[in-house]
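Novice:
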Amino acid sequence: MAKTNAGRFFEDYSLGQVLTHAVPRTVSGGERALYHMLYPARHALYSSDVFAQASGLPASPLDDMAAFHIVFGKTVPDVSLNAVANLGYGEGRFLKPVYPGDTLRSVSEVIGLKQNSNGKSGVVYVRTRGLNQRDETVLEYVRWVMVRKKDLDAPAPETVIPDLAKTVPAADLVIPEGLDFTGYDFDLAGEAHRWGDYEIGEIIDHVDGVTIEEAEHMQATRLWQNTAKVHFDATFRPDGQRLIYGGHVISMARTLSFNGLANAQMVVGLNAGAHANPCFSGDTVKCWSEVLDKAETSAPGVGAIRLRLVATKDGSVGELKGENGKYLPGVLLDLDYWALMPL
Amino acid sequence: MAKTNAGRFFEDYSLGQVLTHAVPRTVSGGERALYHMLYPARHALYSSDVFAQASGLPASPLDDMAAFHIVFGKTVPDVSLNAVANLGYGEGRFLKPVYPGDTLRSVSEVIGLKQNSNGKSGVVYVRTRGLNQRDETVLEYVRWVMVRKKDLDAPAPETVIPDLAKTVPAADLVIPEGLDFTGYDFDLAGEAHRWGDYEIGEIIDHVDGVTIEEAEHMQATRLWQNTAKVHFDATFRPDGQRLIYGGHVISMARTLSFNGLANAQMVVGLNAGAHANPCFSGDTVKCWSEVLDKAETSAPGVGAIRLRLVATKDGSVGELKGENGKYLPGVLLDLDYWALMPL
Amino acid sequence: MAKTNAGRFFEDYSLGQVLTHAVPRTVSGGERALYHMLYPARHALYSSDVFAQASGLPASPLDDMAAFHIVFGKTVPDVSLNAVANLGYGEGRFLKPVYPGDTLRSVSEVIGLKQNSNGKSGVVYVRTRGLNQRDETVLEYVRWVMVRKKDLDAPAPETVIPDLAKTVPAADLVIPEGLDFTGYDFDLAGEAHRWGDYEIGEIIDHVDGVTIEEAEHMQATRLWQNTAKVHFDATFRPDGQRLIYGGHVISMARTLSFNGLANAQMVVGLNAGAHANPCFSGDTVKCWSEVLDKAETSAPGVGAIRLRLVATKDGSVGELKGENGKYLPGVLLDLDYWALMPL
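If you read the protein sequences in the order shown, they are chains C, S and Z. Quick note on this note's numbering: the first sequence kicks off at 1181 and runs consecutively. Quick note on this note's numbering: the second sequence kicks off at 1181 and runs consecutively. Quick note on this note's numbering: the third sequence kicks off at 1181 and runs consecutively.
(1) Do the CB positions of residue 1520 of chain C and residue 1337 of chain C come within less than 8 angstroms of each other?
(2) Output yes if chain C places a C-beta closer than 8 angstroms to the C-beta of residue 1388 of chain S; else output no.
(3) Are the CB atoms of residue 1432 of chain Z and residue 1491 of chain Z nearer to each other than 8 angstroms?
(4) Roughly how many whole angstroms lie between the Cα atoms of residue 1285 of chain Z and residue 1272 of chain Z?
(5) State the DSSP-derived secondary structure class of residue 1331 of chain C, mapped to helix, strand or coil.
(6) Answer yes or no: does any C-beta atom of chain Z fall closer than 8 angstroms to that of residue 1227 of chain S?
(7) Which chain Z residues sit within Cβ distance under 7 angstroms of residue 1252 of chain S?
(8) At least one CB of chain S closer than 8 angstroms to the CB of residue 1231 of chain C: is that the case?
(9) Where does residue 1425 of chain C sit, in a helix, a strand or coil, going by DSSP?
(10) According to a CB-to-CB cut-off of less than 7 angstroms, which residues of the stretch 1425 to 1456 of chain C neighbour chain S?
(11) Thinking C-alpha only, which one of C:1269, C:1385, C:1309, C:1475 is nearest residue 1342 of chain C?
(12) Looking at C-beta atoms only, is the number of pairs between the stretch 1377 to 1391 of chain Z and the stretch 1462 to 1470 of chain Z that lie closer than 8 angstroms three or more?
(13) Less than 8 angstroms between CB atoms is the rule here; does residue 1289 of chain Z satisfy it with respect to chain S?
(14) Cβ of residue 1245 of chain S less than 8 angstroms from any chain Z Cβ?
(15) For chain Z, is any of its Cβ atoms less than 8 angstroms away from the one on residue 1181 of chain C?
(16) For a contact meaning CB atoms closer than 8 angstroms, what does residue 1220 of chain C contact in chain S?
(17) Which residues bound the alpha helix (DSSP H) around residue 1396 of chain C?
(18) Using beta carbons (cut-off 8 angstroms, strictly below), is residue 1192 of chain S in contact with chain C?
(19) Could you compute how far the alpha carbon of residue 1264 of chain C sits from the alpha carbon of residue 1488 of chain Z?
(20) For residue 1399 of chain S, decide whether its Cβ has a neighbour in chain C, counting only Cβ atoms nearer than 8 angstroms.
(21) Does DSSP put residue 1294 of chain C in a helix, in a strand, or in coil?
(22) Whole angstroms is fine: what's the gap from residue 1421 of chain C's alpha carbon to residue 1462 of chain C's?
(23) Identify every run of the beta strand (DSSP E) within the stretch 1218 to 1305 of chain Z, keeping only runs that are complete inside it and at least 3 residues long; order them along the chain.
(24) Any residues in the stretch 1477 to 1496 of chain S with a beta carbon nearer than 7 angstroms to a beta carbon of chain C? Which ones, in chain order?
(25) Can you find the residues in the same chain that come closer than 7 angstroms, C-beta to C-beta, to residue 1399 of chain S, ignoring five residues on each side of it along the sequence?
(26) Just to confirm the assignment, what range does the beta strand (DSSP E) spanning residue 1475 of chain C have?
(27) According to DSSP, simplified to helix, strand and coil, what is residue 1513 of chain S?
(28) How would you call residue 1258 of chain C, buried or exposed, if buried means at least 16 neighbouring beta carbons within 10 angstroms?
(29) DSSP three-state label for residue 1493 of chain C, please.
(30) Could you tell me the distance, in whole angstroms, from the CA atom of residue 1307 of chain S to the CA atom of residue 1290 of chain S?
(31) Give me the subset of the stretch 1198 to 1213 of chain Z whose CB atoms are less than 9 angstroms from a CB atom of chain C, sorted by chain position.
(32) Does DSSP put residue 1409 of chain C in a helix, in a strand, or in coil?
(33) Can residue 1518 of chain C and residue 1448 of chain C be called in contact, C-beta distance under 8 angstroms?
(34) Return the CA-CA distance between residue 1175 of chain C and residue 1356 of chain C, expressed in angstroms with no decimal places.
(35) Should residue 1340 of chain Z and residue 1260 of chain Z be called a contact, given that it needs their Cβ atoms to be closer than 8 angstroms?
(36) Can you name the residues of chain S whose CB is closer than 7 angstroms to the CB of residue 1421 of chain Z?
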């Protein structure tokens, strides 16, 4: 037993600690094809080399969310193996597209700690960076999780709560080098709606739904080398259910949002995210979006749009929280992100 | 809701209308590997670069049926989102093999229209072409579907029923450039039976069967970016069942037919096709073939064979229609195609 | 029916017979990605080109077990279609890593035959070699299976039982050319335990478990072009269950053993293997390992470790056989192999 990884407990973290996550991963056309098999992914920039090249990129990149899941998956053994809950995301930015042939690895730094008043657990804040084989940061984000203490007598660390931006300012978004939407082909992209057609406050019902199967969410989660037991082992929870990786719901919702947001091509910022309720096999995931903000960018023909993406298991649209301020039981995901769209 | 695609209704089609389908797709070794995971695909030409090169091709192409599904999938949002039924296929030809690295897109032309006597729906005939990044047509076929009217008061269009060939004449089949079966290795291909060993009228029981799972048919259908709700959303039909994409049955049957037709390597013509009965998860698909015709070709060592491929869910062999002329309830698919085989 | 392969029966084998197995296969990044989707595969050498290159290899190879399954799958139509039982493996060696772009085929030689005393079946021993496109042997192993007789009156062959080594001697293990672990990065590999940290007799509980789904084991088995009916057709067995391919349990266990054996990077020898009990969908596979032996190698920084890998469906650890000498009912797999580990 001593040889296996028992995961870190709350008392094992310290401010400024750097965690070098294991198992670098080279991606290929295989991962791209799998993303299309696991999700109803249809954004043209991630489907066609020709479309991507017409947009100024060298080739069609790996879907941003696939890159996110790969970077995230590596952090699980070091950050969330003993997590009680994944509390939130923030300050996420996508800095470089990931292409077939790239090798990704992840590094995290502990940027905040707060022991809970019950003394049994605490909140750990980490800033995670995904790096490619040239040591360029391809994406970064902050995540905070509640982690159990093993030794209840371990002293509480000094409380440090990082001062996180509520949203990534539009000026801080990084546009991929060369991106140019002035020759954008709306027919091939699938919808005619451009940046100017979306209004702040507008709500879009994405209509389509997918009923989740055990085999599929396990395959998706495994593909990102996320090994948290609770997703795979039906004997782990007393109810015999496998909890679905929250990232599976993110990708399902983001790809379903094609229908109405086909031109929200690239994800460049992750402002906030909450997994509102657990998702299980048999749930039918649908989603809706709300336009939260819009901004111009310096790239030709490229606008930024800030979207709230809400995944549900009850098909509701436009409803998020109850009178008590808590998420409604049918809500699975509340994600706030920036995407790039042709002007 | 206004931003999402509600699909075209019968009154939205007009003769000669050209539909530029969205979401071009670059294929890689990933799609090839997935075809081998999703189906019991063993035709050597689609499995081995070395075998393909010994047959005069530059490399092992993507399975013809995978290319067909990719081209077909793109047409769904424009042609069959509001379809009541997929009525038939015809005049299908495979003109160029598709290789990893190719980018496919689809274009359709409306070639026929006929409103039904009930005034509530009509039949739309489209000729669809799949094109690669060099604007070469890689395959083409005609499909006709029954589509609902939304506005029942819309005037009926002039009835035009295209004059379709009952089968593709052997002389019109396009043999891939360079194809040469004179050095064909029957041991590596898996069977000794050559073109001359098959007799018109012969019936082959392919013996093997596969029981279908929800996860698998959804993954296959999604891989081709076919987004018809009825395949994915268990809440869509009153009976809670997900209807299986007919193309999944086509590929399952075609690959199962390896056992007895291992040398029917390339599909070059699609004469006719009917999805006789719906297929659901839990059905066990088996199949049998009937040799319908044979023809010589101009390529060295290459003969053409016309086959009826019948998929069943009851394991029956050789039975197709009842006394009333309707397909028997155990029949899923009746497909009439041309393949190339070593002489 | 005459066109389909009915498989060989015991009387169809003869000593020295060479079986050229069909359907060569070119692998790509697709097969690599799929291995990561189907199994919790995290060994760094098979995940990252950069890590593999730092270890002296040209790129990250296809997982050894994936190569084994591809070679094995090709033998099924010729060796085990009418097999009653897969009795054992031995003398397995991995001689060359397999890289994307390689084309594999398989050849077997019958090296032993023994008719059973009941006259209804017999044991066939074959030595199988997997070859690449340069006709280099990439791996080889001996397998023996019990095969039914079709013609009970066929004369019994002379009994020849090959003299198989109980284990592959460490001196006969082939270390991939160039392999060098002197610069091994234990952080990126995921664990700090090196060759010197493991003691003969030590038992490692790998803790993690995966509950098996029908869709997943069928996909894995199909990916290796293994077409044995019993894995796919729910109507084949009276109990309506699909028997899971033993190789699926091997790969599941080997990849789960990452947790505790993250540095047992390359499999180079297969000493023995037994599928102790059948595995079905719904079983939760866990595993444990026992260190059986250790040896030095001539490669810089590289040690060899001999491991017993036991997969279970009841989570038991350290228990293998009952007082009657038979495998306990919760044991699925007992595999004895050599792996390479940094000193």
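Just so it is clear, CB atoms sit at the ideal spot from N, CA and C, and this is done for glycine as well.
Specialist: Looking at the atomic coordinates:
(1) Taking the first sequence and counting its residues from 1, one reaches residue 1520 of chain C at position 340. Taking the first sequence and counting its residues from 1, one reaches residue 1337 of chain C at position 157. Against a cut-off of 8 angstroms, the Cβ pair of residue 1337 of chain C and residue 1520 of chain C comes out as no contact.
(2) Start at 1 with the first residue of the second sequence, and residue 1388 of chain S comes out as number 208. Not closer than 8 angstroms to any Cβ of chain C, the Cβ of residue 1388 of chain S fails to qualify, so no.
(3) Numbered from its first residue, the third sequence carries residue 1432 of chain Z at position 252. Numbered from its first residue, the third sequence carries residue 1491 of chain Z at position 311. Contact flag set, yes.
(4) What you label residue 1285 of chain Z is simply residue 105 of the third sequence in a count that begins at 1. What you label residue 1272 of chain Z is simply residue 92 of the third sequence in a count that begins at 1. So the alpha carbons of these two residues sit roughly 17 angstroms apart.
(5) The sequence position of residue 1331 of chain C within the first sequence is 151, counting from 1. Here residue 1331 of chain C sits in coil by DSSP.
(6) Here residue 1227 of chain S refers to the residue found at position 47 of the second sequence. Chain Z, which has a Cβ nearer than 8 angstroms to the Cβ of residue 1227 of chain S, makes this yes.
(7) Mapped onto the second sequence, residue 1252 of chain S falls at position 72. The premise fails here: residue 1252 of chain S is roughly 21 angstroms from chain Z at the closest Cβ pair, so nothing lies under 7 angstroms.
(8) The count along the first sequence starts at 1 and reaches residue 1231 of chain C at position 51. Yes, contact with chain S.
(9) Within the first sequence, numbered from 1, the residue matching residue 1425 of chain C stands at position 245. Coil, per DSSP.
(10) 1439, 1440
(11) By 1-based counting over the first sequence, the position of residue 1342 of chain C is 162. Among C:1269, C:1385, C:1309, C:1475, the Cα nearest to that of residue 1342 of chain C belongs to C:1269.
(12) yes
(13) Counting from 1 along the third sequence, the entry for residue 1289 of chain Z is found at position 109. No, residue 1289 of chain Z lies away from the interface with chain S (no Cβ there is under 8 angstroms from its Cβ).
(14) Within the second sequence, the letter at position 65 stands for residue 1245 of chain S. Chain Z contact via Cβ: absent.
(15) Taking the first sequence and counting its residues from 1, one reaches residue 1181 of chain C at position 1. Since pLDDT at residue 1181 of chain C reaches only 47, below the 50 mark, its modelled position is unreliable, and the value read off the structure follows with that caveat. So, interface residue.
(16) For the purposes of this step, residue 1220 of chain C is identified with residue 40 of the first sequence, where counting begins at 1. Neighbours of residue 1220 of chain C on chain S, chain order: 1402, 1405, 1407, 1412.
(17) To locate residue 1396 of chain C, count along the first sequence from 1; it is residue 216. Its alpha helix (DSSP H) spans residues 1394 to 1403.
(18) The residue given as residue 1192 of chain S occupies position 12 in the second sequence. So no, residue 1192 of chain S is outside the interface.
(19) Sequence index remark: in the first sequence, residue 1264 of chain C carries index 84 (1-based). Sequence index remark: in the third sequence, residue 1488 of chain Z carries index 308 (1-based). So the two alpha carbons sit approximately 34 angstroms from each other.
(20) Walking along the second sequence from the start, residue 1399 of chain S turns up at place 219. Closer than 8 angstroms: yes.
(21) As a first step, residue 1294 of chain C must be located in the first sequence, where it is residue number 114. If DSSP states are grouped into helix, strand and coil, residue 1294 of chain C belongs with the strands.
(22) Working through the first sequence from its first residue, we reach residue 1421 of chain C at position 241. Working through the first sequence from its first residue, we reach residue 1462 of chain C at position 282. Using only the alpha carbons, I get a separation of about 11 angstroms.
(23) 1263 to 1274, 1283 to 1295
(24) none
(25) Counting from 1 along the second sequence, the entry for residue 1399 of chain S is found at position 219. Taken in chain order, the residues that qualify are 1218.
(26) In the first sequence, counting from the first residue as 1, residue 1475 of chain C sits at position 295. That run of the beta strand (DSSP E) goes 1464 to 1476.
(27) Here the question's residue 1513 of chain S lines up with position 333 in the second sequence. Strand, per DSSP.
(28) Sequence index remark: in the first sequence, residue 1258 of chain C carries index 78 (1-based). By the neighbour-count rule (16 or more Cβ atoms within 10 Å), residue 1258 of chain C is buried.
(29) The sequence position of residue 1493 of chain C within the first sequence is 313, counting from 1. Looking at residue 1493 of chain C - three-state DSSP - the assignment turns out to be coil, as it is neither helix nor strand.
(30) Mapped onto the second sequence, residue 1307 of chain S falls at position 127. Mapped onto the second sequence, residue 1290 of chain S falls at position 110. The alpha-carbon atoms of residue 1307 of chain S and residue 1290 of chain S are separated by roughly 7 angstroms.
(31) 1208, 1209, 1210, 1211, 1212, 1213
(32) Locating residue 1409 of chain C in the first sequence gives position 229, counting from the first residue. In this structure, residue 1409 of chain C counts as helix in the three-state DSSP scheme.
(33) Position 338 of the first sequence, counted from the first residue, corresponds to residue 1518 of chain C. Position 268 of the first sequence, counted from the first residue, corresponds to residue 1448 of chain C. Yes, the pair counts as a contact, with Cβ atoms nearer than the cut-off.
(34) Residue 1175 of chain C falls outside the range modelled here, since chain C spans only 1181 to 1523, and no answer is possible.
(35) Residue numbering aside, residue 1340 of chain Z sits at position 160 when the third sequence is read from its first letter. Residue numbering aside, residue 1260 of chain Z sits at position 80 when the third sequence is read from its first letter. Contact: no.
(36) As a working note, residue 1421 of chain Z is residue 241 in the third sequence. Here the premise fails: no neighbours, minimum Cβ distance about 11 angstroms.
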